[in-house]
Ligand SMILES: C[S@@+](CC[C@H](N)C(=O)[O-])C[C@H]1O[C@@H](n2cnc3c(N)ncnc32)[C@H](O)[C@@H]1O
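Numbering (UniProt numbering), first residue to last: 1 to 269.
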């Protein structure tokens, strides 16, 4: 499988879903930029920038001499980002992030949000970055974990059977990642992996987030995006997905446990 064989959607609808996702990633996203101490003059290389929602947050930290090199393998999502951001401080770059290239030149900061879990054997990329980036480069990632919260969720379901659609989604997304040979929990081992490959000042923060209305909407949209793939892989049928989407909409909002969370990992080369 190609490293650029992206498992989720690249359509206009997928771009809108990522905008929605940016809202529940808001606090961890700002925390990552704080931890990396992104400064006005920085040249920031963003791996897997997609339609540019996180890029917008980075640009807010930069002055007229700063720039974001947004690297993505989807021409469509890069076009979307370029139109949405409307600034020449955003430099769209079509490339496979798994193969570090000249687009890294001059970077003070290299970061990515929700991208490594789409890269097969993402640890190879992290190690290659360590080899090619100059000393002092700040590196950071926010990576989702679709496994860690599940024990807590399964425990809660014993008392609250109505939570079953959250477990069904968890199973479907994890089986999809397994079928595509990508890791739904790469963030969990990222900090030790970075430490052992020679990064300095490695820091890790776990951000679980409650399952609120926007998370439920995101889950329903993910089902739409990968419905055909899930059905083709015999993970869940299209009919069952429609039922699950209805059940998700019927869940009582207020104190739903987390289905996933984000690992924030920062380090210095
Ligand atoms: C879940 S989206 C996240 C987008 C953005 N970082 C955000 O947080 O809104 C993952 C992005 O990574 C890109 N991507 C996945 N694998 C890639 C690869 N090997 N090289 C470049 N981009 C990749 C996809 O095209 C997509 O835009």
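Idealized CB from N, CA, C, for every residue including glycine.
Since the structure is predicted, the reported quantities are computational estimates derived from the model, not experimental observations.
**OP:** In the DSSP assignment, find the unbroken alpha helix (DSSP H) run with residue 192 in it and report its ends.
**Re:** If you number the chain shown from 1, residue 192 lands on position 192. Residues 190-196.
**OP:** Please determine, among 245, 212, 216, the residue with the shortest C-alpha to C-alpha distance to residue 227.
**Re:** The residue given as residue 227 occupies position 227 in the chain shown. Comparing Cα positions, the closest option is 245.
Original post:
Three-state secondary structure (DSSP) at residue 105?
Top reply: In the chain shown, the residue the question calls residue 105 occupies position 105. Coil, per DSSP.
**OP:** Give me the Cβ distance between residue 17 and residue 221, rounded to the nearest whole Å; I'm assuming they're in contact under 8 Å.
**Re:** Numbered from 1 along the chain shown, position 17 holds the residue referred to as residue 17. Numbered from 1 along the chain shown, position 221 holds the residue referred to as residue 221. Contact holds; Cβ gap of about 4 Å.
Original post:
Are the beta-carbon atoms belonging to residue 250 and residue 139 less than 8 Å from one another?
Top reply: Here residue 250 corresponds to residue number 250 of the chain shown, with the count starting at 1. Here residue 139 corresponds to residue number 139 of the chain shown, with the count starting at 1. Going by C-beta atoms, residue 250 is not nearer than 8 Å to residue 139.
Original post:
Three-state secondary structure (DSSP) at residue 249?
Top reply: Position 249 of the chain shown, counting from 1, holds the residue named residue 249. Helix, per DSSP.
Original post:
Any chance the stretch 100-117 sits against the stretch 44-57, with 3 or more Cβ pairs inside 8 Å?
Top reply: yes
Original post:
In angstroms, rounded to a whole number, what distance separates the CA positions of residue 258 and residue 148?
Top reply: Reading the chain shown from its first residue, position 258 is the one you call residue 258. Reading the chain shown from its first residue, position 148 is the one you call residue 148. Those two C-alpha atoms are separated by around 10 Å.
**OP:** Using only the heavy atoms of ligand 1, determine whether one of them is closer than 7 Å to the beta carbon of residue 53.
**Re:** Within the chain shown, numbered from 1, the residue matching residue 53 stands at position 53. Answer for residue 53: yes, Cβ within range of ligand 1.
Original post:
If you follow the beta strand (DSSP E) that residue 209 is part of, which residue opens it and which one closes it?
Top reply: Counting from 1 along the chain shown, the entry for residue 209 is found at position 209. Note, residue 209: premise wrong, no beta strand (DSSP E); not H, not E.
**OP:** Please determine if the stretch 121-132 and the stretch 186-198 are in contact, where contact requires at least 3 C-beta pairs separated by less than 8 Å.
**Re:** yes
**OP:** Mark residue 137 as exposed unless 16 or more other C-beta atoms lie within 10 angstroms of its C-beta, in which case mark it buried.
**Re:** Stepping through the chain shown from its first residue, residue 137 is reached at position 137. Result: buried.
**OP:** Starting from the Cα of residue 162, find the closest Cα among 85, 60, 12, 248 and give me that residue.
**Re:** Here the question's residue 162 lines up with position 162 in the chain shown. The candidate whose alpha carbon is nearest that of residue 162 is 248.
Original post:
CB of residue 21 to nearest heavy atom of ligand 1: below 7 Å?
Top reply: Against the chain shown, residue 21 aligns to sequence position 21. Checking every heavy atom of ligand 1 against the Cβ of residue 21, one is found closer than 7 Å.
Original post:
Comparing alpha-carbon positions, which option in 131, 100, 85 lies nearest residue 269?
Top reply: Residue mapping note: residue 269 aligns to position 269 of the chain shown, counting from 1. Nearest option by C-alpha distance: 131.
Subject >> For residue 127, the first and last residue of its enclosing alpha helix (DSSP H) >> reply: Position 127 of the chain shown holds residue 127. Here the alpha helix (DSSP H) through residue 127 covers 122-132.
**OP:** Would you check whether ligand 1 has a heavy atom nearer than 7 Å to the C-beta of residue 118?
**Re:** Counting from 1 along the chain shown, the entry for residue 118 is found at position 118. Checking every heavy atom of ligand 1 against the Cβ of residue 118, one is found closer than 7 Å.
**OP:** Using 7 Å as the cut-off, classify the Cβ of residue 63 as near or not near the heavy atoms of ligand 1, replying yes or no.
**Re:** Here the question's residue 63 lines up with position 63 in the chain shown. Because no heavy atom of ligand 1 lies under 7 Å away, the Cβ of residue 63 does not count as near it: no.
Original post:
With C-beta atoms as the reference, is residue 68 less than 8 Å away from residue 77?
Top reply: Taking the chain shown and counting its residues from 1, the one referred to as residue 68 is at position 68. Taking the chain shown and counting its residues from 1, the one referred to as residue 77 is at position 77. Going by C-beta atoms, residue 68 is not nearer than 8 Å to residue 77.
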